[in-house]
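Numbering (full-length UniProt numbering), first residue to last: 1 to 690. By construction, the Cβ of each residue, glycine as well, lies at the ideal position given by its N, Cα and C atoms. Because the structure is a prediction, the values reported are computed rather than measured. Below is one structure, written out as structure tokens; the observations come after it.
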Amino acid sequence: MTTKPVSTSLFDPEILQQAAIDAFLKLTPQQQWKNPVMFVVYLGSILTTILWFQALGGQGEEPSGFILAVTIWLWFTVLFANFAEAVAEGRSKAQAAFLRSAKREISAKKLDEPRYGSNYSKVSGSTLRKGDVVLIEAGDFVPGDGEVIEGVASVDESAITGESAPVIRESGGDFSSVTGGTRVLSDWLVVRISANPGESFLDRMISMVESAKRQKTPNEIALTILLVALTLVFLFATVTLLPFSLYSVETSGAGHPITVTVLVALLVCLIPTTIGGLLSAIGVAGIGRMMQKNVIATSGRAVEAAGDVDVLLLDKTGTITLGNRQASALIPVKGVSEKDLADAAQLASLADETPEGRSIVVLAKQKFGFRERDVHSLGATFVHFSAQTRMSGVNLEGRQIRKGAADAIRSYIEDQGSHFPNELKTMVDDVARRGSTPLVVADGSRALGVIELKDIVKGGIKERFAELRQMGIKTIMITGDNRLTAAAIAAEAGVDDFLAEATPEAKLKLIRQHQTDGRLVAMTGDGTNDAPALAQADVAVAMNSGTQAAKEAGNMVDLDSNPTKLIEIVETGKQMLMTRGALTTFSIANDVAKYFAIIPAAFATTYPALNVLNVMGLATPASAILSAVIFNALIIIALIPLALKGIRYSPVGAEKLLQNNLLIYGVGGLIVPFIGIKAIDLLLVAMKLA
Numbered sequence: 001m002t003t004k005p006v007s008t009s010l011f012d013p014e015i016l017q018q019a020a021i022d023a024f025l026k027l028t029p030q031q032q033w034k035n036p037v038m039f040v041v042y043l044g045s046i047l048t049t050i051l052w053f054q055a056l057g058g059q060g061e062e063p064s065g066f067i068l069a070v071t072i073w074l075w076f077t078v079l080f081a082n083f084a085e086a087v088a089e090g091r092s093k094a095q096a097a098f099l100r101s102a103k104r105e106i107s108a109k110k111l112d113e114p115r116y117g118s119n120y121s122k123v124s125g126s127t128l129r130k131g132d133v134v135l136i137e138a139g140d141f142v143p144g145d146g147e148v149i150e151g152v153a154s155v156d157e158s159a160i161t162g163e164s165a166p167v168i169r170e171s172g173g174d175f176s177s178v179t180g181g182t183r184v185l186s187d188w189l190v191v192r193i194s195a196n197p198g199e200s201f202l203d204r205m206i207s208m209v210e211s212a213k214r215q216k217t218p219n220e221i222a223l224t225i226l227l228v229a230l231t232l233v234f235l236f237a238t239v240t241l242l243p244f245s246l247y248s249v250e251t252s253g254a255g256h257p258i259t260v261t262v263l264v265a266l267l268v269c270l271i272p273t274t275i276g277g278l279l280s281a282i283g284v285a286g287i288g289r290m291m292q293k294n295v296i297a298t299s300g301r302a303v304e305a306a307g308d309v310d311v312l313l314l315d316k317t318g319t320i321t322l323g324n325r326q327a328s329a330l331i332p333v334k335g336v337s338e339k340d341l342a343d344a345a346q347l348a349s350l351a352d353e354t355p356e357g358r359s360i361v362v363l364a365k366q367k368f369g370f371r372e373r374d375v376h377s378l379g380a381t382f383v384h385f386s387a388q389t390r391m392s393g394v395n396l397e398g399r400q401i402r403k404g405a406a407d408a409i410r411s412y413i414e415d416q417g418s419h420f421p422n423e424l425k426t427m428v429d430d431v432a433r434r435g436s437t438p439l440v441v442a443d444g445s446r447a448l449g450v451i452e453l454k455d456i457v458k459g460g461i462k463e464r465f466a467e468l469r470q471m472g473i474k475t476i477m478i479t480g481d482n483r484l485t486a487a488a489i490a491a492e493a494g495v496d497d498f499l500a501e502a503t504p505e506a507k508l509k510l511i512r513q514h515q516t517d518g519r520l521v522a523m524t525g526d527g528t529n530d531a532p533a534l535a536q537a538d539v540a541v542a543m544n545s546g547t548q549a550a551k552e553a554g555n556m557v558d559l560d561s562n563p564t565k566l567i568e569i570v571e572t573g574k575q576m577l578m579t580r581g582a583l584t585t586f587s588i589a590n591d592v593a594k595y596f597a598i599i600p601a602a603f604a605t606t607y608p609a610l611n612v613l614n615v616m617g618l619a620t621p622a623s624a625i626l627s628a629v630i631f632n633a634l635i636i637i638a639l640i641p642l643a644l645k646g647i648r649y650s651p652v653g654a655e656k657l658l659q660n661n662l663l664i665y666g667v668g669g670l671i672v673p674f675i676g677i678k679a680i681d682l683l684l685v686a687m688k689l690a
């Protein structure tokens, strides 16, 4: 069972303590400028601080106690926004500490020639460059990312994945990638280093998780522009209020003009400070939630894109089906007994160590009692499966038994001048229509029959696809099976479409086709042949057990190497977007409610008639302004847990999601300020502070 890298509680004392310190360290103009909305609050805090010092000298526009109270809570508003971002970053840094623990000073055996047995010199792992070749023996740590070019070994990757079970790494195929910091448990490997110091997989992951290189995503940039536009509108409107107030007082000869302190408080309460203060924290927390699922995003854009995905490409094996097809039936042609077919099928599978091959041996043993065979006495020579021949088998004295794909066996039989029976073609089609995989067995030029390999669709997967469909996401199954088999499994699993007999070129073409139609596409992959499609996909999840090429092409890496994780990744991305949307709705509604508290109070001394708009019944103008400023600061700190944890994910469509946002966070954003500001007002009156 996989162990998650670290536990990052929302209320971890160490994280909160460091975040409190970082909140003050972020009070520099360079840091504050990164968040334009909070930068306006930052400047307002500085301005009211100056006004307070003036008031202490007897030249204040308002009582020094009132200016001080407003100033303190304005600074708290900035600090609380800094604190929210610091907590999110602190949780990410705690998760990155797990990855950093895998980095160590490792001694490497650098080979003079790229082959086992050549001379080597011991060097520091930090000096290795891309292209260097090293020998890693049992007990050695892998000094850097690379590709196995020779050997096979058992590797402990728990330092990266948290998974205690060792994995096999070998040259060639899709399991040739090794990661720096892992440890070889048995045998040996010759590895070609694929990254320079500071550019390894682990280095890039740590940098991303720590948010050191987190770039704002397109949606985040667009929302920031909107927030800045709203802030500028309110800024210009607020600035023009002072001359209007001065003119009104001079013309009427009564009342008092509005003060700069009150104008700053008014501006801060009206601009979208709530979402402005939490926006960065939501983005950082989204990457952190991916890490909690043992998925590391190499790009913040990928996390956001996961929430916008509307096409999912899913491999059949291991994702939709359990992955290990099992032999379920033996179907002989006319004139061949089932026992003879079972005998030939088992002989052809004795050296086949795949789950399918083992299941054929077991099925023959269970049905006809065929047990251990003395392969040496038979003088057998085994023919292993290859992608070119698409069949395997055994050569005995006078016999050449083969099993494999129907078209491959057909070509094999016809090459020997024999005929492929029509009866057998019907059998193959029948098996395929049932959603199973047919393997044809032949003894020389004579076809014997069909082995039915049954794919087991995972329980609950059909319901998951139905949920995705409700959210407007199209699911497409990718498989190397023929169209009949693919169609049957697609129908059973409930996917929207399928791509049969998939090749790397076909996958790439399919992704480009959907992207041309304006869709965002997500897919998983682990092999070098998946790299082109992964590079093209908007969300590309590479398996950690896969090749280096696949990991380089993807923008996410699943440390658990679980293809089903793609569905969880999409859900996590959508949760981040739902959280951002919900808090934006709440923030804007929140500002609308604050109008009724602060505007009548701010202008009551200039326009006494505005007192009729004091619907909250706030005690005094000073109490109303201070209550609104305090609430504006406290609501940020109150929403930090929601911003970091995310709102509860539910598989609903965009229209339903908008309705929920408006009903829960829109209406809530209107009601909560009325209750909160009135409560603070009553408390200030009770404490005789207003």
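In three-state DSSP terms, what is residue i?
i: R358; result: helix
i: K462; result: helix
i: K367; result: helix
i: P63; result: coil
i: P563; result: coil
i: I106; result: coil
i: V333; result: coil
i: Q400; result: strand
i: L350; result: coil
i: residue 694; result: Absent from the model: residue 694. The displayed extent of the chain is 1 to 690, so no value can be given.
i: S176; result: coil
i: K645; result: helix
i: D112; result: coil
i: A212; result: Only weak support is given to the placement of A212: the predicted model assigns it a pLDDT of 42, under 50, and the question is left unresolved by the model.
i: G581; result: helix
i: I456; result: coil
i: G525; result: strand
i: L510; result: helix
i: G653; result: coil
i: D681; result: helix
i: V239; result: helix
Using the Cα positions of residue i and residue j, report the straight-line distance between them to the nearest angstrom.
i: L322; j: I478; result: 15 Å
i: L232; j: C269; result: 14 Å
i: P673; j: A638; result: 13 Å
i: A686; j: P621; result: 16 Å
i: L43; j: K34; result: 14 Å
i: H256; j: W73; result: 25 Å
i: L56; j: V70; result: 15 Å
i: F385; j: I275; result: 58 Å
i: E397; j: L347; result: 13 Å
i: L235; j: A265; result: 12 Å
i: Y649; j: M578; result: 8 Å
i: residue 722; j: R402; result: Residue 722 lies beyond the range of the chain shown here (1 to 690); nothing can be said about it.
i: T127; j: T179; result: 16 Å
i: K213; j: E220; result: With a pLDDT of only 47 at K213, under 50, the local geometry of the prediction cannot be trusted, and the value read off the model is given with reservation. Roughly 15 Å between the two C-alpha positions.
i: A535; j: L242; result: 56 Å
i: residue 732; j: W52; result: Summary: the structure shown does not reach residue 732, with the chain confined to residues 1 through 690, and so no result is reported for it.
i: G307; j: R301; result: 10 Å
i: G581; j: G58; result: 47 Å
If contacts are defined as beta-carbon pairs under 8 Å, then residue i and residue j qualify, I think. What distance do you get, rounded to the angstrom?
i: A281; j: A84; result: 4 Å
i: T49; j: I636; result: Rounded, the Cβ-Cβ distance is 20 Å, inconsistent with contact.
i: S359; j: Q400; result: S359 to Q400, Cβ: 23 Å. No contact.
i: A549; j: A540; result: The pair is not a contact, with the Cβ atoms about 12 Å apart (cut-off 8 Å).
i: I640; j: V87; result: 6 Å
What does residue i pair with, by DSSP beta-bridge criteria?
i: D497; result: I476
i: E170; result: V152
i: M556; result: A297, V541
i: D141; result: Correcting the residue identity first, residue 141 is Phe in this sequence and not Asp. Its beta-bridge partners are R183.
i: W188; result: E137, V152
i: I193; result: G146
i: I451; result: L330, L439
Which residue spans inside the stretch 250-280 form an unbroken alpha helix (DSSP H) run of at least 4?
The qualifying runs are 260-270.
Those runs of the beta strand (DSSP E) which lie wholly inside the stretch 301-326 and span at least 3 residues
Taking 3 residues as the minimum length, the beta strand (DSSP E) runs contained wholly in the stretch 301-326 are 311-315, in order along the chain.
Taking the runs of the alpha helix (DSSP H) that are 4 residues or longer, which of them lie wholly in the stretch 386-436?
For the stretch 386-436, whole alpha helix (DSSP H) runs of length 4 or above, ordered along the chain, are 406-415, 422-433.
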